[in-house]
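Enquirer: Attaching a single structure in structure tokens format; questions to follow.
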Amino acid sequence: MTTAFLIASAFLASAVEFVEALTIVLAAGITRGWRSSLTGLGAATVALAAIVAALGPALTLVPIDALRLVVGALLLAFGLQWLRKAILRASGYKALHDEAEIFVREQADARAAGEPQRAGLDWYGFTLSFKGVLLEGLEVAFIVITFGSAQGSIPLAALGAGAALVLVAVVGALVRGPLTRVPENTLKFAVGVMLTTFGIFWSTEGVGAHWPGDDASLPGVLAFVVLTSAGAVATLRRRRMAFA
Amino acid sequence: MRPVRAFGRFWWDFVVGDDWRAALGVAVAIGATAVLVAGGVDAWWLMPAAVATVLWLSLRRASR
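See the structure below:
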């Protein structure tokens, strides 16, 4: 059960970040040229691989309880942000994240920029693509390393992230446009729920408390987070209607 | 100095985000659980309750 949760969490969280990275790479490629955009993508991928290769093994040397405490606390802070935004979007208090709008905005910015050339590359296109992929990729690396090391299996978390990368890359290559049909808020809601669930579970274990039934209580924590979030959406929706 | 500030800003936005009180609430809840565990209470129930409270307070602030 925990293995399935681990892979599903890494897959969903990574898929969201890869969709955002794809939007930026496409905007840079279409407006500034594919050579610069894809070179930026490649350079960011190499930088990310170096970060994961350096940090991954180092984290496995940390005692598991200390690691779970730190990772649990980070995931909770991180997961609550996702969950809070997803609940606000689902209840109508915040605009839905729109990849098409971001794509148009990135394209307009890219077109408005000058044409500086460095090392035979369009520097704006390279930098846009590199920064976008590196920042979104760092979030994926953070999730893979923390989930994987706290659960004792970085390869399983990497498998989930890798599957998401392949799926987004294939769909992106076929569509050649921003993935507007991805139910982004639903995905982010699921990711927020997963991160918060693991955050609660690991931070509690990290300070030395014991869950009844150990790992078997994880679905119970998940159900609690789902019900709390669904309750929050329903309450906020009702409140919004009452004030409308 | 700018790269250091930008680096710090990135991690602050990444981990804490736009509601530092929620992050602080999580830290306090973890500390309280640790204190209870040190006192012999197996306080596994505290974190779920605290997280639900922190989330709800954060949502209330954001939806005002």
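Chains as they are written, first to last, in the numbering used here: chain X, 155 to 398; chain S, 9 to 72.
A virtual CB, placed ideally from N, CA and C, is assigned to each residue, including glycine.
(1) Would you mind sorting L215(X) into buried or exposed? The rule is 16 or more other CB atoms within 10 Å of its CB.
(2) What is the rounded straight-line gap between the Cα of A312(X) and the Cα of T157(X)?
(3) Chain S partners of T450(X), CB-CB under 7 Å?
(4) In chain order, which alpha helix (DSSP H) runs of at least 4 residues are fully inside the segment 294-370 of chain X?
(5) Does the Cβ-Cβ distance between R189(X) and L275(X) come in under 8 Å?
(6) Can you tell which of T300(X), A323(X), G374(X) has the C-alpha that lies nearest to the C-alpha of I218(X)?
(7) If you pair each beta-carbon of the segment 217-236 of chain X with each one of the segment 351-360 of chain X, do three or more pairs fall below 8 Å?
(8) How would you list, in chain order, the residues of chain X whose beta-carbon sits under 9 Å from the beta-carbon of W20(S)?
(9) Quick one: any contact between the segment 280-287 of chain X and the segment 335-348 of chain X, if contact means 3 or more CB pairs under 8 Å?
(10) Under 8 Å between C-beta atoms, does S357(X) make it to chain S?
(11) Is Q235(X) close to chain S, meaning its C-beta is less than 8 Å from at least one C-beta of that chain?
(12) Is the distance from the Cβ of A70(S) to the Cβ of L242(X) below 8 Å?
(13) Check D276(X) in the structure and name its three-state DSSP category.
(14) CB of S66(S) to nearest heavy atom of the ligand ZN: below 7 Å?
(15) Measuring alpha carbon to alpha carbon, tell me which residue in A323(X), R265(X), K239(X), Q261(X) is nearest L195(X).
(16) How far does the alpha helix (DSSP H) with W20(S) in it extend, from its first residue to its last?
(17) By the three-class DSSP mapping on this structure, what secondary structure does G246(X) have?
(18) Which word fits T185(X), buried or exposed, when buried means at least 16 other C-beta atoms lie within 10 angstroms of its C-beta?
(19) What three-state label does DSSP hand V216(X) in the structure shown?
(20) On the premise that S245(X) lies in contact with V387(X), defined as a C-beta separation below 8 Å, what is that separation, rounded to the nearest angstrom?
(21) List the residues of chain S that Y399(X) touches, going by C-beta distances under 9 Å, in chain order.
(22) What residues in the segment 22-34 of chain S have a beta carbon less than 8 Å from any beta carbon of chain X?
(23) Can you tell which of Y247(X), Y278(X), K248(X), W365(X) has the C-alpha that lies nearest to the C-alpha of Q261(X)?
(24) Answer with buried or exposed for T61(S), where buried requires no fewer than 16 other C-beta atoms within 10 angstroms of its C-beta.
(25) What is the DSSP secondary structure of S71(S), reduced to helix, strand or coil?
Expert: In this structure, then:
(1) Indexing the first sequence from 1 puts residue 215(X) at position 61. Per the 10 Å Cβ criterion, exposed.
(2) For the purposes of this step, residue 312(X) is taken as residue 158 along the first sequence, with counting starting at 1. For the purposes of this step, residue 157(X) is taken as residue 3 along the first sequence, with counting starting at 1. One C-alpha to the other measures close to 12 Å.
(3) Limits of chain X in this structure are 155 at one end and 398 at the other, which puts residue 450(X) out of reach.
(4) Listed in chain order, the complete alpha helix (DSSP H) runs (minimum 4 residues) inside the segment 294-370 of chain X are 308-329, 338-360.
(5) On the first sequence, position 35 is the one that residue 189(X) refers to. On the first sequence, position 121 is the one that residue 275(X) refers to. Yes. Within cutoff.
(6) The sequence position of residue 218(X) within the first sequence is 64, counting from 1. Comparing Cα positions, the closest option is T300(X).
(7) yes
(8) Here the question's residue 20(S) lines up with position 12 in the second sequence. Neighbours of W20(S) on chain X: none; closest Cβ ~11 Å, over 9 Å.
(9) Output reads no: the segment 335-348 of chain X does not touch the segment 280-287 of chain X.
(10) To locate residue 357(X), count along the first sequence from 1; it is residue 203. Yes - at least one Cβ of chain S is within 8 Å of the one on S357(X).
(11) In the first sequence, the residue the question calls residue 235(X) occupies position 81. Chain S, which has a Cβ nearer than 8 Å to the Cβ of Q235(X), makes this yes.
(12) Numbered from 1 along the second sequence, position 62 holds the residue referred to as residue 70(S). Numbered from 1 along the first sequence, position 88 holds the residue referred to as residue 242(X). Taking C-beta atoms as the reference points, A70(S) and L242(X) count as a pair closer than 8 Å.
(13) Indexing the first sequence from 1 puts residue 276(X) at position 122. Here D276(X) sits in strand by DSSP.
(14) Questions concerning the ligand ZN fall outside what the structure shown contains, since it holds no ligand whatsoever.
(15) Position 41 of the first sequence holds residue 195(X). Closest option to L195(X), Cα to Cα, is A323(X).
(16) Taking the second sequence and counting its residues from 1, one reaches residue 20(S) at position 12. Unbroken alpha helix (DSSP H) run through W20(S): 10-23.
(17) Position 92 of the first sequence holds residue 246(X). Correct three-state label for G246(X): coil.
(18) As a position in the first sequence, residue 185(X) is number 31, starting the count at 1. It counts as buried.
(19) Numbered from its first residue, the first sequence carries residue 216(X) at position 62. It is coil, neither helix nor strand.
(20) Start at 1 with the first residue of the first sequence, and residue 387(X) comes out as number 233. Start at 1 with the first residue of the first sequence, and residue 245(X) comes out as number 91. The pair is a contact, with the Cβ atoms about 5 Å apart (cut-off 8 Å).
(21) The structure shown does not extend to residue 399(X), since chain X is modelled only from 155 through 398, so no value can be given for it.
(22) F22, V23, V24, G25, D26, D27, A30, A31, V34
(23) For the purposes of this step, residue 261(X) is identified with residue 107 of the first sequence, where counting begins at 1. It is Y278(X).
(24) On the second sequence, position 53 is the one that residue 61(S) refers to. Exposed is the call here.
(25) As a first step, residue 71(S) is located in the second sequence; it is residue number 63 there, counting from the start. Three-state result, S71(S): coil.
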